[in-house]
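Student: Sequential numbering of the sequence shown, starting at 11, is according to my numbering. Sharing a structure here in C-alpha coordinates format.
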Amino acid sequence: MDAYTRYQADKIMTASPEQLIRMLLDRAVAELEIGRGLLDDSRWQDAAPHLSKAQDIVTELRCSLNLEAGGQIASNLDALYDFAFRRIVDGQIQHEASIIGEVVSVLDPIRDAWTTAVCGAAAPVTELRSVGAGA
(Lines of atoms letter the chains of each structure in order from A; the text may use other names.)
(Lines give C-alpha, C1' and ligand atoms only; values in the text may rest on other atoms or scores of the structure.)
Protein backbone atom coordinates (compact mmCIF):
# COMPACT_ATOMS: atom_id res chain seq x y z
CA MET A 11 0.00 0.00 0.00
CA ASP A 12 1.52 3.33 -0.99
CA ALA A 13 1.57 6.37 1.29
CA TYR A 14 -1.37 8.09 -0.40
CA THR A 15 -3.58 5.00 -0.13
CA ARG A 16 -2.62 4.61 3.54
CA TYR A 17 -3.43 8.26 4.15
CA GLN A 18 -6.85 7.90 2.52
CA ALA A 19 -7.56 4.70 4.46
CA ASP A 20 -6.60 6.42 7.73
CA LYS A 21 -8.84 9.35 6.87
CA ILE A 22 -11.78 6.99 6.41
CA MET A 23 -11.02 4.93 9.52
CA THR A 24 -10.78 8.01 11.75
CA ALA A 25 -13.76 9.89 10.29
CA SER A 26 -16.84 10.60 12.36
CA PRO A 27 -20.14 9.02 11.27
CA GLU A 28 -21.19 12.40 9.90
CA GLN A 29 -18.01 12.71 7.87
CA LEU A 30 -18.47 9.18 6.53
CA ILE A 31 -21.97 10.00 5.27
CA ARG A 32 -20.59 13.11 3.60
CA MET A 33 -17.81 11.06 1.98
CA LEU A 34 -20.28 8.43 0.77
CA LEU A 35 -22.54 11.02 -0.82
CA ASP A 36 -19.56 12.66 -2.49
CA ARG A 37 -18.30 9.35 -3.83
CA ALA A 38 -21.75 8.30 -5.06
CA VAL A 39 -22.08 11.50 -7.08
CA ALA A 40 -18.53 11.10 -8.43
CA GLU A 41 -19.21 7.51 -9.55
CA LEU A 42 -22.50 8.55 -11.15
CA GLU A 43 -20.79 11.37 -13.04
CA ILE A 44 -18.14 8.98 -14.36
CA GLY A 45 -20.81 6.45 -15.33
CA ARG A 46 -22.92 9.12 -17.00
CA GLY A 47 -19.97 10.28 -19.08
CA LEU A 48 -19.22 6.74 -20.17
CA LEU A 49 -22.87 6.14 -21.10
CA ASP A 50 -22.77 9.35 -23.14
CA ASP A 51 -19.83 7.83 -25.03
CA SER A 52 -21.75 4.55 -25.55
CA ARG A 53 -19.25 2.75 -23.30
CA TRP A 54 -21.88 0.78 -21.39
CA GLN A 55 -19.59 -1.96 -20.15
CA ASP A 56 -17.13 0.60 -18.82
CA ALA A 57 -19.94 2.49 -17.09
CA ALA A 58 -21.31 -0.57 -15.31
CA PRO A 59 -18.70 -0.82 -12.51
CA HIS A 60 -19.07 2.86 -11.66
CA LEU A 61 -22.84 2.67 -11.59
CA SER A 62 -22.66 -0.49 -9.51
CA LYS A 63 -20.42 1.30 -7.00
CA ALA A 64 -22.97 4.11 -6.84
CA GLN A 65 -25.72 1.54 -6.22
CA ASP A 66 -23.70 -0.01 -3.40
CA ILE A 67 -23.15 3.39 -1.83
CA VAL A 68 -26.84 4.31 -2.07
CA THR A 69 -27.67 0.98 -0.43
CA GLU A 70 -25.25 1.74 2.42
CA LEU A 71 -26.70 5.22 2.83
CA ARG A 72 -30.17 3.75 3.03
CA CYS A 73 -29.06 1.13 5.56
CA SER A 74 -27.49 3.85 7.71
CA LEU A 75 -30.85 5.52 8.28
CA ASN A 76 -32.52 5.14 11.65
CA LEU A 77 -36.16 5.37 10.61
CA GLU A 78 -37.43 5.32 14.20
CA ALA A 79 -35.19 8.06 15.55
CA GLY A 80 -34.97 10.03 12.31
CA GLY A 81 -38.68 10.66 11.90
CA GLN A 82 -39.95 12.27 8.73
CA ILE A 83 -36.51 13.32 7.53
CA ALA A 84 -35.25 9.74 7.64
CA SER A 85 -38.42 8.54 5.89
CA ASN A 86 -37.95 11.13 3.16
CA LEU A 87 -34.30 10.18 2.70
CA ASP A 88 -35.29 6.51 2.56
CA ALA A 89 -37.72 7.27 -0.27
CA LEU A 90 -35.13 9.36 -2.12
CA TYR A 91 -32.46 6.68 -1.78
CA ASP A 92 -34.95 4.06 -2.98
CA PHE A 93 -35.76 6.24 -6.00
CA ALA A 94 -32.05 6.79 -6.68
CA PHE A 95 -31.29 3.08 -6.55
CA ARG A 96 -34.14 2.19 -8.91
CA ARG A 97 -33.19 4.92 -11.38
CA ILE A 98 -29.55 3.80 -11.44
CA VAL A 99 -30.81 0.33 -12.38
CA ASP A 100 -33.05 1.88 -15.07
CA GLY A 101 -30.14 3.89 -16.45
CA GLN A 102 -27.97 0.79 -16.66
CA ILE A 103 -30.65 -1.30 -18.34
CA GLN A 104 -31.62 1.42 -20.80
CA HIS A 105 -28.03 2.67 -21.32
CA GLU A 106 -29.38 6.17 -20.76
CA ALA A 107 -27.12 8.87 -19.34
CA SER A 108 -30.02 11.27 -18.76
CA ILE A 109 -31.51 8.88 -16.21
CA ILE A 110 -28.23 8.89 -14.32
CA GLY A 111 -28.36 12.68 -14.48
CA GLU A 112 -31.70 12.52 -12.66
CA VAL A 113 -30.05 10.59 -9.85
CA VAL A 114 -27.26 13.15 -9.60
CA SER A 115 -29.87 15.91 -9.41
CA VAL A 116 -31.45 14.08 -6.44
CA LEU A 117 -28.23 13.29 -4.57
CA ASP A 118 -26.45 16.62 -5.13
CA PRO A 119 -28.85 18.66 -2.97
CA ILE A 120 -28.79 15.99 -0.25
CA ARG A 121 -24.99 16.10 -0.27
CA ASP A 122 -24.96 19.90 -0.18
CA ALA A 123 -27.52 20.05 2.64
CA TRP A 124 -25.64 17.42 4.64
CA THR A 125 -22.38 19.29 4.23
CA THR A 126 -23.95 22.57 5.29
CA ALA A 127 -25.80 21.09 8.26
CA VAL A 128 -22.98 18.96 9.63
CA CYS A 129 -19.78 20.63 8.51
CA GLY A 130 -20.66 24.25 7.82
CA ALA A 131 -21.16 25.94 4.48
CA ALA A 132 -17.47 26.33 3.68
CA ALA A 133 -16.43 22.71 4.24
CA PRO A 134 -14.91 21.02 1.18
CA VAL A 135 -16.36 17.72 0.05
CA THR A 136 -13.48 15.98 -1.69
CA GLU A 137 -12.29 13.17 0.54
CA LEU A 138 -13.33 10.16 -1.53
CA ARG A 139 -13.21 11.41 -5.08
CA SER A 140 -9.78 9.95 -5.67
CA VAL A 141 -9.98 6.85 -3.47
CA GLY A 142 -10.37 3.78 -5.61
CA ALA A 143 -10.59 5.80 -8.82
CA GLY A 144 -8.48 3.22 -10.59
CA ALA A 145 -10.29 0.25 -9.08
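Built from N, CA and C at the ideal position, the CB exists for glycine as well.
1) Please state whether the Cβ-Cβ distance between Gly101 and Leu61 is less than 9 Å.
2) Would you report the Cα separation of Phe95 and Thr69, rounded to the nearest angstrom?
3) Would Ile120 and Leu77 qualify as a contact pair, given that the criterion is a beta-carbon distance under 9 Å?
4) Go to Ser62, then tell me how far its alpha helix (DSSP H) extends in each direction, as first and last residue.
5) Pro59: which of Ala84, Glu112, Val99 and Leu35 sits nearest, CA to CA?
6) I need the DSSP call for Asp12, collapsed to helix, strand or coil.
7) Since Ala84 is in the alpha helix (DSSP H), which residue starts that stretch and which ends it?
8) Can you round the beta-carbon distance between Ile110 and Gly45 to whole angstroms, since I take them to be within the 8 Å contact cut?
9) So the candidates are Ile83, Ser52 and Glu106; which of them puts its Cα closest to the Cα of Ala123?
10) Thinking C-alpha only, which one of Val39, Gly81, Ala79 and Leu75 is nearest Gln65?
11) Excluding the 5 residues preceding and the 5 following Ala57 in the sequence, name in chain order all residues of the same chain whose CB lies nearer than 6 Å to its CB.
12) Using a threshold of 9 Å, state whether the C-beta atoms of Val116 and Glu43 are closer than that.
13) So the candidates are Ser74, Asp20 and Tyr14; which of them puts its Cα closest to the Cα of Leu147?
Tutor: The relevant details are as follows:
1) yes
2) 7 Å
3) no
4) Trp54 to Cys73
5) Val99
6) coil
7) Leu77 to Gln104
8) 6 Å
9) Ile83
10) Val39
11) Gly45, Leu48 and Leu49
12) no
13) Residue coverage of the chain in this structure runs from 11 to 145, which leaves residue 147 outside it and unanswerable.
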